[in-house]
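J.: Protein chains in written order, with my numbering: chain A, 4 to 364; chain B, 4 to 364.
For every residue, glycine included, the Cβ atom is placed at its ideal position computed from N, Cα and C.
No experiment lies behind these values; they were computed from the predicted model shown.
One structure is given below, represented as structure tokens, and several questions about it will come after.
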DNA sequence: TCCTGAATTCGAAACGTTTCGAGACCAGAC
DNA sequence: GTCTGGTCTCGAAACGTTTCGAATTCAGGA
């Protein structure tokens, strides 16, 4: 089979005995075309094995590519191993797909990365930034330069025109107050990664990185709002179970172990619970644990995590809706996705000091 | 700020006092340009806030879009909740990204789907099909029509020019033989979903769907190769823990419960183990369980799954390498990714009949 | 019979690049 | 002083559509 040139609209037009404009009309479905003419064109297309108008040419002429870029963590798996993020992306893909829009995965540009990041050079009509560092996110500047409309999730207030966010500070504060009401005094926290290349480690309030991932910062600020200081802060290397276990071990080995741990994600909380079990502690009697996100963690049974649940699907749909509105020339502004405190079985009043396992007093 | 037209290469050329071709040369980095001229052009571009050549125009003229489509399950999350798939996709994105290629997510076209699926209309240079149903996969036909080079993972032999696959039949056979050698007679199996919209249910060898997802079929065929028939077959609704639990419950409630379960994925195996624990059974003494994929399941501790491990990262890299070779005009052919039997602690000889819990005899 | 207006179809002009071949210029060899 | 070869720059021709306004056709009313 000779590797021949693909047929173009001109070929189809010639074969059908009509003009190129008419063929275009048939394929775009826009103008009015006689059933007769339409049939001629369709037959010609079939005869030539014409696969439809070239997307490249269509994009150049019409100015629309039908592609929406989605900026994720440079290591894709870092972003998507989190089931919540996946749900969000899934909803975005589905919702945009209904309008014929495709999603292009864009690893977040890094200073050390390639000369010309995809975000700068790829064709697209709009973009979604799923992961915004604190104010200096370079993606936002690139998008501005290119004049591309964009939506950012969990971005710092004022950093971008269209935001879709949750009020994670208030939600975390609510969890902290629960623990305070139960009588807890020594409350530790396990945070999300604060930077792109985080490792699991102790932090103090004086030792926080400056461009800091927004959700980590917001959820940490809840302590100040609740008027307490965490007795220990461990930054997790990733929002996954393994780093959660590690963080839990670190906290329990600490000189004065906490009676409660506020975890910035459910996966981290799950890890902390595994570490507690490992140390022979009973959750929640020896240690109260809270999560964030509201995932299903069936392997945690019979415990159910006390957490703030967010609905990934509606978050994704809200993002997609905002993108569509931008493409239609609208200005969606700021969108707030509600959280719901889900009562689980992982918090309880602290055990009287004298009854705690000796090594934890 | 007046919403003004974006500057083009012609504007930059005029501002710099050179020709359009020269500006193009500067941006493409190809031809030889005096340092002086280059500086003039770069200054002009900066002055006009020119964001670089239009990807649309570049794509039309050069014929290359820099985009590789990746066909995933229609419900994105179905594909990507599986950590292995995610690793593969991650490696593909990273490896292609190094060459400046972006990954466009393409939900698999469904009969009921939109009029014109993205796979038919989106701009791209090549495609990867991560999920091939048995022979009649519609994606492959569309790609052929469009004349796009493509790579398919786990496709039936002969269905496509470039395949990247594992020998899952042999690997599963190896696991089955282990169990036979240990003395097992009643071996059940929990399969991957066989169709796009599967539910967790019993199946028999006479009752298999015809277009059937290839890995499910291959791994099931291992029983015939090993010369035994599974004593029960449960098709899982998805390759996740929850359907695995459900499948495990169904098998254990069966009149003559198995002494071993061959699960077509680690997540399903994890679920079966949870169901066994729930029923008061000891794994592996009361029930042997094998998995497939080689994931890390920290919550399974202290057990370690006996499984066939595949390296998602090298699989992804192999796929990306094949795509690059296709784009360079090569013909990569068939690529086989090796599997490695990982000895865990979840299989043992069956307990003598008389010692088994009464309800399981 | 002639005129009006709606329904179709058509021609031509973009859209913003890349690429090809040719021209201009300059230094060094004869 | 002329010729040769290399380096840099340029003009013009695509790439394959969409879209705009104009041309054509045809039916129905005056």
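Along the region 74-90 of chain A, where does the CB come closer than 8 Å to a CB of chain B? Name the residues.
T.: Of all residues in the region 74-90 of chain A, 78, 79, 80, 83, 84, 86, 89 and 90 have a Cβ within less than 8 Å of some Cβ in chain B.
J.: So if I threshold CB-CB distances at 9 Å, which residues from the region 245-264 of chain A count as touching chain B?
T.: Residues passing the 9 Å Cβ filter: 245 and 248.
J.: Under 8 Å between the Cβ atoms of residue 1 of chain B and residue 345 of chain B?
T.: A question about residue 1 of chain B goes unanswered here, because the residues of chain B that appear run from 4 up to 364.
J.: Alpha carbons only, please: which of B:295, B:296, B:279 and B:294 is nearest the one belonging to residue 288 of chain B?
T.: Translated into the one-based positions of the second chain, residue 288 of chain B becomes position 285. When each option's Cα is compared against that of residue 288 of chain B, the closest is B:279.
J.: How would you list, in chain order, the residues of chain A whose beta-carbon sits under 7 Å from the beta-carbon of residue 96 of chain B?
T.: Against the second chain, residue 96 of chain B aligns to sequence position 93. What residue 96 of chain B touches in chain A: 79, 108 and 110.
J.: Can you tell me which of the three DSSP states residue 350 of chain A falls into?
T.: In the first chain, the residue the question calls residue 350 of chain A occupies position 347. The answer is coil: DSSP assigns residue 350 of chain A none of H, G, I, E or B.
J.: What is the DSSP secondary structure of residue 88 of chain A, counted as helix, strand or coil?
T.: Position 85 of the first chain holds residue 88 of chain A. Helix.
J.: Run through DSSP, which three-state label would residue 18 of chain A get?
T.: Here residue 18 of chain A refers to the residue found at position 15 when the first chain is read from its first residue. In this structure, residue 18 of chain A counts as helix in the three-state DSSP scheme.
J.: Over what stretch of residues does the beta strand (DSSP E) that includes residue 109 of chain B continue unbroken?
T.: In the second chain, residue 109 of chain B corresponds to position 106, counting from 1. 105-110 is the span of the beta strand (DSSP E), which, as asked, contains residue 109 of chain B.
J.: Chain A partners of residue 59 of chain B, CB-CB under 8 Å?
T.: The residue you call residue 59 of chain B lines up with position 56 of the second chain. Simply 59, 62, 63, 66, 68 and 126.
J.: Taking contact to mean 3 or more Cβ pairs, one atom from each stretch, closer than 8 Å, check whether the region 192-210 of chain B and the region 139-154 of chain B are in contact.
T.: With the cut-off at 8 Å, the region 192-210 of chain B and the region 139-154 of chain B do not touch.
J.: Do you know offhand how far residue 85 of chain B's Cα is from residue 161 of chain A's?
T.: Position 82 of the second chain, counted from the start, is the residue given in the question as residue 85 of chain B. Position 158 of the first chain, counted from the start, is the residue given in the question as residue 161 of chain A. Their Cα atoms are separated by approximately 36 Å.
J.: Does the distance from the C-beta atom of residue 56 of chain A to that of residue 127 of chain A stay below 8 Å?
T.: Here residue 56 of chain A refers to the residue found at position 53 when the first chain is read from its first residue. Here residue 127 of chain A refers to the residue found at position 124 when the first chain is read from its first residue. Going by C-beta atoms, residue 56 of chain A is not nearer than 8 Å to residue 127 of chain A.
J.: Examine chain A for any beta-carbon lying closer than 8 Å to the beta-carbon of residue 227 of chain B, and answer yes or no.
T.: In the second chain, the residue the question calls residue 227 of chain B occupies position 224. Taking Cβ atoms only, chain A never reaches closer than 8 Å to residue 227 of chain B, which makes this a no.
J.: Enumerated in chain order, which unbroken segments of the alpha helix (DSSP H) with a length of 4 residues or greater are wholly contained in the region 121-171 of chain A?
T.: Listed in chain order, the complete alpha helix (DSSP H) runs (minimum 4 residues) inside the region 121-171 of chain A are 121-124 and 141-149.
J.: Give a yes or no on whether 8 Å exceeds the smallest Cβ distance from residue 186 of chain B to chain A.
T.: Counting from one through the second chain, the residue named residue 186 of chain B turns up at place 183. False, the Cβ-Cβ gap to chain A never drops below 8 Å.
J.: Do we get a CB-CB distance below 8 Å when we pair residue 148 of chain A with the residues of chain B?
T.: Against the first chain, residue 148 of chain A aligns to sequence position 145. Judged by the 8 Å Cβ criterion, residue 148 of chain A is in contact with chain B.
J.: Starting from the C-beta of residue 268 of chain B, find all residues in its chain whose C-beta is less than 7 Å away, skip the five residues before and the five after it, and write them out in chain order.
T.: What you label residue 268 of chain B is simply residue 265 of the second chain in a count that begins at 1. The residues are 195, 242, 294, 295 and 296.
J.: Could you have a look at residue 291 of chain B and say whether DSSP puts it in helix, strand or coil?
T.: In the second chain, counting from the first residue as 1, residue 291 of chain B sits at position 288. Three-state result, residue 291 of chain B: strand.
J.: Determine whether the Cβ of residue 269 of chain A lies closer than 8 Å to any Cβ atom of chain B.
T.: Locating residue 269 of chain A in the first chain gives position 266, counting from the first residue. No, no contact with chain B.
J.: Sort A:240, A:234 and A:152 by Cα distance to residue 257 of chain A and report the nearest one.
T.: Mapped onto the first chain, residue 257 of chain A falls at position 254. Cα-wise, what sits closest to residue 257 of chain A is A:234.
J.: Mind checking which residues open and close the beta strand (DSSP E) that includes residue 59 of chain A?
T.: The sequence position of residue 59 of chain A within the first chain is 56, counting from 1. Looking at the DSSP string, residue 59 of chain A is not in any beta strand (DSSP E); the run it does join, the alpha helix (DSSP H), is 58-65.
J.: What separation, rounded to the nearest whole angstrom, lies between the Cα atoms of residue 131 of chain B and residue 154 of chain B?
T.: For the purposes of this step, residue 131 of chain B is identified with residue 128 of the second chain, where counting begins at 1. For the purposes of this step, residue 154 of chain B is identified with residue 151 of the second chain, where counting begins at 1. Using only the alpha carbons, I get a separation of about 5 Å.
J.: Of all the CB atoms in chain A, is at least one closer than 8 Å to the CB of residue 216 of chain B?
T.: Taking the second chain and counting its residues from 1, the one referred to as residue 216 of chain B is at position 213. Output row for residue 216 of chain B: interface = no.
J.: Out of A:100, A:271, A:150 and A:231, state which residue places its alpha-carbon closest to the alpha-carbon of residue 250 of chain A.
T.: In the first chain, counting from the first residue as 1, residue 250 of chain A sits at position 247. Out of A:100, A:271, A:150 and A:231, A:271 has the C-alpha closest to the C-alpha of residue 250 of chain A.
J.: With DSSP collapsed to three states, give me the class of residue 224 of chain A.
T.: Here residue 224 of chain A is taken as the residue at index 221 of the first chain, counted from 1. Note: residue 224 of chain A maps to helix in three-state DSSP.
J.: Can you list the residues of chain A that residue 119 of chain B reaches, using a CB-CB cut of under 9 Å?
T.: Working through the second chain from its first residue, we reach residue 119 of chain B at position 116. Here the neighbours are 55 and 103.
J.: Evaluate contact between the region 92-109 of chain A and the region 65-81 of chain A, counting only Cβ atoms and requiring at least three cross-stretch pairs below 8 Å.
T.: The region 92-109 of chain A, when compared against the region 65-81 of chain A, does touch it at the 8 Å Cβ threshold.
J.: Output the distance between the C-alpha atoms of residue 252 of chain B and residue 111 of chain B, rounded to the nearest integer angstrom.
T.: In the second chain, residue 252 of chain B corresponds to position 249, counting from 1. In the second chain, residue 111 of chain B corresponds to position 108, counting from 1. Approximately 32 Å between the Cα atoms of the pair.
J.: Would you say residue 328 of chain B reaches chain A, if we count a Cβ-Cβ gap shorter than 8 Å as a contact?
T.: As a working note, residue 328 of chain B is residue 325 in the second chain. By this cut-off, residue 328 of chain B is not an interface position.
J.: Only counting runs of 4 or more residues, tell me where the alpha helix (DSSP H) segments fall wholly within the region 214-264 of chain A, in order along the chain.
T.: With a minimum length of 4 residues, the continuous alpha helix (DSSP H) runs that stay inside the region 214-264 of chain A are 217-229 and 244-256.
J.: Could you tell me whether the Cβ of residue 335 of chain A comes closer than 8 Å to any Cβ of chain B?
T.: Taking the first residue of the first chain as 1, we reach residue 335 of chain A at position 332. Output row for residue 335 of chain A: interface = no.
J.: Identify whether residue 33 of chain B lies in helix, strand or coil by the three-state DSSP scheme.
T.: For the purposes of this step, residue 33 of chain B is identified with residue 30 of the second chain, where counting begins at 1. In the structure shown, residue 33 of chain B sits in coil (DSSP, three-state: anything other than H, G, I, E or B).
J.: Indicate the three-state DSSP secondary structure (helix, strand or coil) for residue 338 of chain B in the structure shown.
T.: Within the second chain, the letter at position 335 stands for residue 338 of chain B. Correct three-state label for residue 338 of chain B: strand.
J.: Starting from residue 40 of chain A, trace the beta strand (DSSP E) in both directions and tell me its first and last residue.
T.: The residue labelled residue 40 of chain A in the question sits at position 37 within the first chain. Note, residue 40 of chain A: premise wrong, no beta strand (DSSP E); alpha helix (DSSP H) at 38-51.
J.: Does the region 15-25 of chain A come into contact with the region 49-65 of chain A, if we say contact requires no fewer than three beta-carbon pairs (one atom in each stretch) closer than 8 Å?
T.: The answer is yes - the region 49-65 of chain A touches the region 15-25 of chain A, with three or more Cβ pairs under 8 Å.
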